[in-house]
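First to last, the sequence lines map onto chains L and G. In this text, residue positions in the first sequence follow the UniProt record's numbering: the first is 1, and each later residue adds one. In this text, residue positions in the second sequence follow the UniProt record's numbering: the first is 1, and each later residue adds one. This report refers to the structure that appears directly beneath it.
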Amino acid sequence: MDCSCAIESQAVPCSISWKRQVGPSQVDDDSWVEEPNVLVLLRLEDFVSMEVQGTADCSEETLRSFAARVMEKTAGRTLALVVVGLEKYFRLEFLSHKLQSRKKLQSVVLSGSQAGGQGKPRKRKGKEAPISELSRVEVEEALVDLQLHAGVQVRVLESWKELGDLASSFTKAVAEAPFKREREKKGFSFYLESEWCRGAKVDRSGKGLAQVWKRQIQQFNRVSLEMAGAVVSKYPSPLLLAQAYRKGSSEQERQNMLADIPVRRGDGVTATTRRIGSELSRRIYLQMTSPNPDLSLDANG
Amino acid sequence: MLDLYHHRREGWLFSPSTPSYKNVLPDQGAGGHCWRREPETVALCLVALRALPEAACPLPPPGQLQPPAPRELALGYVVERKRMADLCSSIIDGRFREQKFRLHQCGLQHPIYLVEDSGTIQHLSLPESTLQQAVINTQVVDGFFVKRTRDVRESAAYLTVMTRHLDRLFGVSSRERSWGEPRESGTETLPPPISVIPPQAQTVREVFARQLMQVSGVSGDKAAAILERYSTPASLLAAYAACLSPQDKEMLLSNTKCGKLQRNLGPTLSKTLAQLYCTPGPLP
DNA sequence: ATAATAGACACACATT
DNA sequence: GTTTAT
DNA sequence: GAATGTGTGTCTATAAT
């Protein structure tokens, strides 16, 4: 595959970004363009530290200021943060409370899973409730704060393998994104619209075209099965309908040509007439005869 | 079926006439925010709403059939809660893409995908890596804010925290402020009022494309390619009429360049379409 | 007299 | 004009 | 596109020197 990976010094430490060779043709031309995504690994110790700073209102770096700093360097690219080992941290901190040997365990987890971890004593205001519960809530607060103020998403992982998988998935997503976006821009939206039946199969001689013709009528808004059937029954092919329009003398006549076609209704009594109606008749007429592709069928006038 | 999309199509999205649904979180009282549950999204879909002040809410002109002005303001935050099992089924039957499309189409500025049961990713009818990729795509490709949650309780906690923060951000103090003006202490802006979005009108081009795609083998690219040359049924019929021989009709579209870079539509579909539009009598 | 064929390759469509 | 082999 | 697998049809090159 024509892609490569390089470890180089980044503007933001521990970050992954992507470049794509764009440009039509020039070979030597290093006209690489940065993809609008950045994945930043945040060391657990730093994350915890920032989260603490956010809780107590110190003037040191907070999660929000960190995000702001990163986004400043990445110039408006979408930022995603990753933190590894938070759950294990919670567990050990909870355990350390029960065993009264907190600092030692912390140092174990930090040096075991991160490079150069250092213990970080936490000061807490007030309560003595389970500290791990409170921490989870505080983290939740910090994440929501980050979401609302910076639009930054934080992915919490528990292993380095997960980080590898994430990098892989992320890379794939970033690579495919432009392709998919272009398809959304160009393609027709009704591809994925609620109830979309795909084309009716038609054999080599033309069987099935009647069904196609009926379903073509159904492509108009607010057309029921029975209405389409009624129209197709009266004009069993597009050409017959077009010829009928050509024979009509006045605009009014052509417009209302289908209006009085009877349509079978539900068994009960219906207030509305059991006809196609002039509105749908007009829409079908415009569709078949108008030279203007951008003409709005629903506009009244 | 009433859902976000259809509400929008009918032009009643976020209008006060939209029936009220059970709030998942209790109302915060006058001026507070609430998450309104939109109907019919099997997976929960919540919209952050705030009551509009009376002054900013002019009464609708009397005797009008038009939808009245909204009495509530959508804050632009919408949460689609999705359990892993639901996500799994949605992906399989194709609903997933549709839902994402509607969420992006509904016009709110901050769509949030709340993925629940992040731990129960296994033993479902889809591989774990597949689901992971799907969620990442939702985040990267669709640009939605993805929040992962272990269970309902975490989801509720998240929504609670979110509500509190929204209250602080868009509280009563900023009520008299004009829309879009930055707040004092941050870059936050109040969302513009989302009132009535009129249903998008069908055009001849759009209907024509849909009609072409009723025949098996004609896809979006193919239809677009045909539309490129004959953008209206009338022009296509005219082209067929201008053909001297039936053979010319059959081949009229055969060399139409499709999709990527200019692949022929081919004689097969060309013949089928010619039959469709040139058969003088009733169709088989 | 005239031309074909296999195979790669896409794409539309169907499944675990 | 319809049939044949590559 | 979730990922992968199935069948239609186009497309491209094809021998031997």
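Every residue gets a Cβ at the ideal spot worked out from N, C-alpha and C, and that includes glycine. Predicted model only: the values in this text are computed from it and were never measured.
**Report entry** Nearest neighbour of F188 of chain L, chosen from G:T120, G:F144 and G:A223 [CA to CA]
**Finding:** Here residue 188 of chain L corresponds to residue number 188 of the first sequence, with the count starting at 1. Taking only the C-alpha atoms, the option nearest F188 of chain L is G:A223.
**Report entry** Rounded separation between S233 of chain L and M1 of chain L - CA only
**Finding:** The sequence position of residue 233 of chain L within the first sequence is 233, counting from 1. The sequence position of residue 1 of chain L within the first sequence is 1, counting from 1. In a straight line, the C-alpha of S233 of chain L is about 55 Å away from that of M1 of chain L.
Query raised in the report: Counting along the chain, where does the beta strand (DSSP E) carrying I276 of chain L start and finish?
Result: Here the question's residue 276 of chain L lines up with position 276 in the first sequence. DSSP places I276 of chain L in no beta strand (DSSP E); its state is neither H nor E.
Query - Between the CA atoms of S15 of chain L and W160 of chain L - distance to the nearest angstrom - result: Walking along the first sequence from the start, residue 160 of chain L turns up at place 160. Walking along the first sequence from the start, residue 15 of chain L turns up at place 15. In this model, W160 of chain L and S15 of chain L are separated by some 15 Å (Cα to Cα).
Query raised in the report: Does the beta carbon of P130 of chain L come closer than 8 Å to any beta carbon on chain G?
Result: Numbered from its first residue, the first sequence carries residue 130 of chain L at position 130. Any reading at P130 of chain L needs caution, since the residue's pLDDT is 48, under 50, leaving its predicted position unreliable; the model's value is listed next. P130 of chain L does not count as touching chain G.
Requested in this report: Tell me where the alpha helix (DSSP H) around F179 of chain L begins and ends.
Outcome: Looking up residue 179 of chain L in the first sequence gives position 179. Per DSSP, F179 of chain L belongs to the alpha helix (DSSP H) from W160 to K186.
Query raised in the report: If we cut at 8 Å on Cβ distances, does V22 of chain L have a partner in chain G?
Result: Numbered from 1 along the first sequence, position 22 holds the residue referred to as residue 22 of chain L. No, V22 of chain L lies away from the interface with chain G (no Cβ there is under 8 Å from its Cβ).
Report task. Output yes if chain L places a C-beta closer than 8 Å to the C-beta of E250 of chain G; else output no. Result -> Numbered from 1 along the second sequence, position 250 holds the residue referred to as residue 250 of chain G. Output row for E250 of chain G: interface = no.
Report task. Run through the stretch 106-145 of chain G for me and flag every whole beta strand (DSSP E) of 3 or more residues, listed as ranges in chain order. Result -> Along the length of the stretch 106-145 of chain G, whole beta strand (DSSP E) runs at least 3 residues long occupy 110-116, reported in chain order.
Report task. Jot down the residue ranges of each uninterrupted alpha helix (DSSP H) in the stretch 19-98 of chain L, minimum 4 residues, whole runs only, in chain order. Result -> You should have 44-55 and 63-74.
Query raised in the report: Could one say the Cβ of D2 of chain L lies closer than 8 Å to chain G's Cβ atoms, at least one of them?
Result: Working through the first sequence from its first residue, we reach residue 2 of chain L at position 2. D2 of chain L does not count as touching chain G.
**Report entry** Option nearest P293 of chain L by Cα separation, candidates G:M251, G:L166 and G:I226
**Finding:** Here residue 293 of chain L is taken as the residue at index 293 of the first sequence, counted from 1. Answer by Cα proximity: G:I226.
Report task. Return the residue from the list L:Y285, L:S168 and L:D203 that minimises the CA-CA distance to V231 of chain L. Result -> Along the first sequence, one-based indexing puts residue 231 of chain L at 231. The option with the nearest alpha carbon to V231 of chain L is L:Y285.
Query raised in the report: So is Q255 of chain L in contact with chain G if we call contact Cβ pairs under 8 Å?
Result: Working through the first sequence from its first residue, we reach residue 255 of chain L at position 255. Not an interface residue.
Query raised in the report: Start and end of the beta strand (DSSP E) containing V156 of chain L?
Result: As a working mapping, residue 156 of chain L is identified with position 156 in the first sequence. Element bounds for V156 of chain L: Q153 to L157.
Query raised in the report: Going along chain L in order, which residues have a C-beta closer than 8 Å to the C-beta of E98 of chain G?
Result: Position 98 of the second sequence, counted from the start, is the residue given in the question as residue 98 of chain G. Neighbours of E98 of chain G on chain L, chain order: L192, E193 and S194.
Query - Beta-carbon gap between V82 of chain L and L143 of chain L smaller than 8 Å - result: By one-based count along the first sequence, residue 82 of chain L stands at place 82. By one-based count along the first sequence, residue 143 of chain L stands at place 143. In this structure, V82 of chain L lies away from L143 of chain L, with their beta-carbon atoms at least 8 Å apart.
Query - For R102 of chain G, the three-state DSSP class (helix, strand or coil) - result: Here residue 102 of chain G refers to the residue found at position 102 when the second sequence is read from its first residue. In the structure shown, the three-state DSSP call for R102 of chain G is helix.
Query raised in the report: Can you find a CB in chain L that lies within less than 8 Å of the CB of G220 of chain G?
Result: Along the second sequence, one-based indexing puts residue 220 of chain G at 220. The beta-carbon of G220 of chain G is placed less than 8 Å from the nearest beta-carbon of chain L.
**Report entry** Cβ of G277 of chain L within 8 Å of any chain G Cβ
**Finding:** Mapped onto the first sequence, residue 277 of chain L falls at position 277. Closer than 8 Å: no.
Report task. Specify the secondary structure class of I217 of chain L as computed by DSSP and reduced to three states. Result -> Looking up residue 217 of chain L in the first sequence gives position 217. Helix, per DSSP.
Query raised in the report: Whose C-beta lies closer than 8 Å to the C-beta of C197 of chain L among residues of the same chain, with five residues either side of it excluded?
Result: Taking the first sequence and counting its residues from 1, the one referred to as residue 197 of chain L is at position 197. Counting only Cβ-Cβ distances below 8 Å, and skipping sequence neighbours, we find R215.
**Report entry** N- and C-terminal bounds of the alpha helix (DSSP H) containing I7 of chain L
**Finding:** As a position in the first sequence, residue 7 of chain L is number 7, starting the count at 1. No alpha helix (DSSP H) contains I7 of chain L, which DSSP labels as neither H nor E.
Requested in this report: Confirm, please, whether the CB-CB distance from P233 of chain G to S254 of chain G is below 8 Å.
Outcome: Stepping through the second sequence from its first residue, residue 254 of chain G is reached at position 254. Stepping through the second sequence from its first residue, residue 233 of chain G is reached at position 233. Remark: C-beta atoms of S254 of chain G and P233 of chain G do not approach each other more closely than 8 Å.
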